[in-house]
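Data block below; observations after.
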Ligand SMILES: NC(=O)c1ccc[n+]([C@@H]2O[C@H](COP(=O)([O-])OP(=O)(O)OC[C@H]3O[C@@H](n4cnc5c(N)ncnc54)[C@H](OP(=O)(O)O)[C@@H]3O)[C@@H](O)[C@H]2O)c1
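Structure below.
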């Protein structure tokens, strides 16, 4: 693990480096995505998460190109993730994502969730790597070792990342321990439990106690716990104060006993039931 000004990063099994903290763009439309992505890059984020499903790749791409033009970061310094659906025509979906983002290549492309034809979709991602359109590939919403193995067993490129729901109440440590054997990293969506659930986690007595102890917000305590526990975290927000606050987690670290206090909050309780 290397340290840099923009926070910790992890070297993936693909050889590329991925920041531990990123900005999630689900629910942002093109205009909001452009504005918030630019702002996120300005305050220091270097990982941006989008998906075909979010219908905001055009805005995300605009925000990134705007930041590059303004000298905030180079393309090489920004790690861009998108996702394609399971189904037919995965090669066309990959091309459409790159066209909409207008960035020449994507750093990480994921299958958004398991489903019809996902082995073929994964093979399309592998072709994308071979042709230079994609640098690293992975999967999302594969929450058991068995689900991971389904893809790993047909893969010529082992998934670099699995993006799953993950927060203090749903830690799924067994999956993290299993996929570590293959150098695969877990990336956490819903780090705060997602819209409508955030107060359930922010008002947890342990999280509140730690926020007071470290003079940080509950959101900052949760994100710090996630990256110290080895997860990549991608909090989403449309509020610039929150976007900046969520990046301000590199000036403190949680003591081992406090990491453990959060570890024992796990209820294996998912907030999403898709
Ligand atoms: N692969 C998948 O299937 C999948 C599924 C869901 C999400 N994702 C990705 O993961 C990202 C994160 O998930 P999410 O955005 O749905 O949920 P989340 O990050 O757990 O929570 C977002 C909510 O937290 C609030 N929030 C953010 N920072 C805050 C702060 N510092 N203080 C108080 N409230 C704060 C936001 O409100 P404000 O807007 O008011 O800040 C919003 O209501 C998404 O944006 C997306 O990129 C992937």
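In this note's numbering, the protein residues as written are 1 to 274. Quick reminder that beta carbons are idealized off the backbone N, C-alpha and C, glycines included.
Please list, in chain order, all residues of the same chain as residue i whose beta carbon is under 6 Å from its beta carbon, the five residues on each side excluded.
{"i": "residue 198", "result": "192"}
{"i": "residue 272", "result": "165"}
{"i": "residue 224", "result": "249 and 254"}
{"i": "residue 267", "result": "169"}
{"i": "residue 125", "result": "109 and 137"}
{"i": "residue 134", "result": "106, 109 and 128"}
For the alpha helix (DSSP H) that residue i lies in, which residues bound it at each end?
{"i": "residue 208", "result": "205-214"}
{"i": "residue 245", "result": "240-247"}
{"i": "residue 17", "result": "Note, residue 17: premise wrong, no alpha helix (DSSP H); beta strand (DSSP E) at 17-19."}
{"i": "residue 35", "result": "30-43"}
{"i": "residue 149", "result": "145-152"}
Start and end of the beta strand (DSSP E) containing residue i?
{"i": "residue 189", "result": "185-189"}
{"i": "residue 163", "result": "161-165"}
{"i": "residue 83", "result": "79-84"}
Per DSSP, what kind of secondary structure is residue i in: helix, strand or coil?
{"i": "residue 233", "result": "strand"}
{"i": "residue 138", "result": "strand"}
{"i": "residue 254", "result": "coil"}
{"i": "residue 264", "result": "coil"}
{"i": "residue 105", "result": "coil"}
{"i": "residue 8", "result": "coil"}
{"i": "residue 202", "result": "helix"}
{"i": "residue 87", "result": "coil"}
{"i": "residue 94", "result": "helix"}
{"i": "residue 70", "result": "coil"}
Note down, in chain order, each residue of its chain lying with its Cβ closer than 8 Å to the Cβ of residue i, except the 5 sequence neighbours on either side.
{"i": "residue 2", "result": "For residue 2, the predicted model reports a pLDDT of 39, less than 50, meaning its position is unreliable; a value from the coordinates is still stated below. Excluding positions up to five away in sequence, the list reads 8, 9, 11 and 17."}
{"i": "residue 257", "result": "none"}
{"i": "residue 74", "result": "68"}
{"i": "residue 201", "result": "167, 168, 169, 192, 193, 207, 218 and 222"}
{"i": "residue 228", "result": "253, 254 and 259"}
{"i": "residue 195", "result": "27"}
Cβ-heavy atom distance between residue i and ligand 3 below 8 Å?
{"i": "residue 234", "result": "Questions concerning ligand 3 fall outside what the structure shown contains, since the ligands it does hold are ligand 1."}
Counting only the same chain and skipping the five closest in sequence on each side, list residues whose C-beta sits under 7 Å from that of residue i.
{"i": "residue 216", "result": "252"}
Check whether the segment 214-222 touches the segment 27-36, counting contact only when three or more Cβ pairs, one atom from each stretch, lie closer than 8 Å. no
Segment contact, 8 Å Cβ cut-off, at least three pairs: the segment 76-86 with the segment 102-118: yes
Does the segment 159-175 come within contact of the segment 238-254, defined as at least 3 CB pairs closer than 8 Å? no
Please confirm if the segment 169-183 is in contact with the segment 133-145, defined as three or more CB-CB distances below 8 Å between the two stretches. yes
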